Amino acid sequence: MQLLVVISTGPTTGSPTASTTVSTRSRHRPDIQGLRAIAVLAVVALHVGFGSLTGGFVGVDVFFAISGFLITQQLMRQVRTEGRVSLLGFYARRARRILPAATLVLLATVVYAALFLGFVRTREIALDALWSAAFAANFRFASLETDYFSAALPPSPLQHFWSLAVEEQFYLVWPLVILGCLWVLRRRSRNATAEGSDTTDHRGRRRVLVIALGIGIVASLLASAVLTRTSPEAAYFSPFTRAWELGLGAIAAIAFRDDGPQDATARWRAQVLSAFGMFFIICACLQFNDATPFPGTPALVPVLGSVFIIVAGTLWHGPTVVGRLLSVRPLQVIGNWSYSLYLWHFPVLVLAELQLGRELRWWEQVLLVALAFVLAGLSYRFVEEPFRRGILWRRPALGRAGTLGPVALYPLSLTLVAVTCFAANSYATGTARDGYQPAITLAEADPSGSSEPKQPERPASSAAPPAAKVPPDPLPDLLKASVLAARKNQAIPTNLKPGLTNLSDDVEAVGECNYYSTNVRTLCPRGDTDAEKTIVIIGDSHARHWTPAVEEIAERSGYRAYILAMPQCTVSLVTPDKLDSTEPMTSCDDFHDFMLSSVKKLKPDLLLISSRPISAAYHDSSGRHTDREDVRRAVYRGYQRLLAHVKPAAKRTVWLRDVPALEFDPATCLSSNKTLSPCTYKPLASQQDGADLQMQAAKSARVETLDLDDLFCDSVGICTTVVGDTITHRDGHHLTATYSKELARTLGERLKIW
């Protein structure tokens, strides 16, 4: 008797995917459903920063193993019963399972962005949606993750689609491998002098597939181990370094039959395997963190744990201790919703954070996760299930269209997403501005509103003509006028510099001396390279963003300039964390040595210091330290050690106070509002506290300090993101190269060298 059984391959990689319907004998696996629930809960918990679940990202790897097993199990049943694999049927089932819910989330995310996030963010999200709809999101995000400065921007709400892309890329190849193996076996069968039994044929198929898959798994795992160390971003998103995870699940489906003897030995093996499997997964969730070299060989822990639980349920059909735990009703419900929950939770969290322009508070996260669960339940009930059951194309009268219909969902989904992206981008761009809006001028600060310059008194005819005077620097007054215009809720100027769509790219040029992304430790002179006097600026990216200003000053005033700045490497002589990691940034220690030796060698006439305050953690010989007061003391001592090294080497040393930081993304704010008022801000208190600590260290060492906050904020501490028609920040804390250059005169005059 043939039974209609639903097999769901739920979220995989954080991308619960593929539940399919096959007409064959099958057995319901509540343990796999519960395992899927554990995986998606781990991913959600990670994204809201829940407790000590620092390794929640391994939920993606659990999904990969589950999907590899279930999909391969379906294919092997078809091979056993029909002796073939129907590619059209396979992709039809995949389309019915994954496309409707994924397309709905993509459309909803793009539309929300167009309505609330402005044209800059809409354009980026629309592009992400197109890559996601084409199952190529992993390549898109791999390229973006390699850019240091993109890390300062909020994540894409569709970033989690990378895992769905990896899975679909695997399934472009895997059915073809099975077909190739079947073709080879049939060729051998025709050339044989006698045919074997059906059992022999089946064993031969299994053996060939295991060999072929084993070769792929070994190659993929080796590539993952190597690339994780040499190019971690590429390793994380690459289908070649992730294929072995799906492959291990697939090999479990091939090597372990579901019809083995149900005796005491099988039960004992199942209990042990499932216990070890759950132990591996829990350890990975609790012990792994952002410093774990992942995926690489550490990914073996959650993947093998998942495979152990899956195989345990294959060997023994009765309940195990782990199986009972995974079969509880709440986990079964979440397992059913896991694909939709995976798809919805990340856009819900990220879109809210983008719209608010700040990090979410804990109670906001709770409400948003609850909303994600509601959306997941609705999506499962009204989108996933109807399409999975094939209500639109399972009628007998449709004939072959019953297969062709679901396959047509692929181009239909891509077309629908593309049209929506185009329309959303057009809408967001068209509603951004109401006609032409001029730049802010000094007239905004004049109560009379007159833009006419005051005429000087005409000197007597007998008086000698006055000596030519250099007009005063207009920038401080223009800043005051800009803040006043923002307070009056004046319209955002139309022709902003740099353009909003290119704001994050307005980065200072460093030439060959990019100390962050390369191991170059040479000097690159700037400004007047033949001059005898020298300016040197040292620090991290907050020193580097002064490059255009320092270069302009050096060229005008006759100095050779050197920029000794490494992004993320604080000027304090301590070892900070790596970017988005708890691992020590030892390359910063190497750069400190290079920086100090270069300053002593150059003996600069003017040494400038600028750095972002470090406030989270530092490392020393005893490990990582995060206590706030401990960090402050260590960083302060690091400042003191720095000044003790560099002050004697320079004729004059000046510490530039760190520029005010803002909590929101300026591109998103300026593109989603029509007036300036919403894009004003008060400097972040944590940044100001860190800047105060720097000033204290400088003053205690009798080093000059220079505060430039009045070029960003007015006297009561209200700051603007637009001065005249120039955007001050490219993200929350880096200057645009354009505004940095405009600050050159003011900085030079206050340093008394302009």
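Mind the numbering: the sequence shown is residues 3 to 756 in the working numbering, read in order. For glycine and all other residues, C-beta sits at the position ideal for the given N, C-alpha and C. Just so we're clear, the structure is a prediction, and the values are computed from it rather than from any experiment.
- By the C-beta criterion, the segment 329-346 is judged not to be in contact with the segment 653-663, since fewer than 3 inter-stretch pairs fall below 8 Å.
- Between the alpha carbons of residue 381 and residue 358 lies a gap of roughly 26 Å.
- Within the segment 292-350, complete beta strand (DSSP E) segments of at least 3 residues are not found at all.
- Per DSSP, the unbroken beta strand (DSSP E) holding residue 656 starts and ends at 655-658.
- When secondary structure is reduced to three states using DSSP, residue 523 falls in the coil class, being assigned neither helix nor strand.
- When the alpha-carbon of residue 598 is set against those of 328, 573, 584, the nearest one is in 573.
- Looking at the DSSP output, residue 627 bridges to 620.
- When the beta-carbon positions are compared, residue 162 and residue 345 come within less than 9 Å of each other.
- Shown here, residue 706 sits in a strand according to DSSP, grouped into three states.
- By the Cβ rule, the segment 638-653 does not count as touching the segment 714-723, because fewer than three pairs are nearer than 8 Å.
- Annotated three-state conformation of residue 564 is strand, per DSSP.
- According to the DSSP secondary-structure assignment, residue 674 is paired through a beta bridge with no residue.
- The C-alpha of residue 577 lies about 11 Å from the C-alpha of residue 633.
- A buried status is given to residue 614, since no fewer than 16 other beta-carbon atoms sit within 10 Å of its beta-carbon.
- Under DSSP, the beta-bridge partners assigned to residue 608 are 537.
- Below 8 Å, enough C-beta pairs join the segment 677-690 and the segment 483-492 to call them touching: three or more.
- The alpha carbon of residue 714 has as its nearest neighbour, out of 134, 481, 441, the alpha carbon of 481.
- In this structure, residue 609 places its C-beta atom within 9 Å of the C-beta atom of residue 538.
- Collapsing the DSSP output to three states places residue 74 in a helix.
- DSSP places residue 58 within a helical segment (H, G or I) once states are collapsed to three.
- At the C-beta level, residue 426 and residue 112 come within 9 Å of one another.
- When only Cα atoms are considered, residue 213 and residue 249 end up about 12 Å apart.
- DSSP lists 731 as the bridge partner or partners of residue 737.
- Annotated three-state conformation of residue 31 is coil, per DSSP.
- Taking 9 Å as the cut-off, the Cβ atoms of residue 315 and residue 325 count as close.
- Put simply, the backbone Cα of residue 171 is about 50 Å away from that of residue 563.
- Residue pairing from DSSP places residue 528 in a beta bridge opposite 563.
- Per DSSP, the continuous alpha helix (DSSP H) segment holding residue 427 begins and ends at 411-432.
- Counting C-beta atoms within 10 angstroms of its own C-beta, residue 55 has 16 or more neighbours from the protein chains shown and is therefore classed as buried.
- Spatial neighbours of residue 44 in its own chain (CB-CB distance under 6 Å, excluding positions within 5 residues in sequence) are listed in chain order as 58, 61, 287.
- In the structure shown, residue 508 falls within a coil segment according to DSSP collapsed to helix, strand and coil.
- The segment 703-710 makes no contact with the segment 517-524: fewer than 3 CB pairs, one atom from each, lie closer than 8 Å.
- Proximity of the segment 371-386 to the segment 86-95 falls short of the contact definition, fewer than three beta-carbon pairs being nearer than 8 Å.
- Taking a cut-off of 8 Å on C-beta distances, the segment 366-373 touches the segment 348-356, as three or more cross pairs fall below it.
- Per the coordinates, the alpha-carbon of residue 63 lies some 22 Å from the alpha-carbon of residue 584.
- Per DSSP, the unbroken alpha helix (DSSP H) holding residue 370 starts and ends at 364-381.
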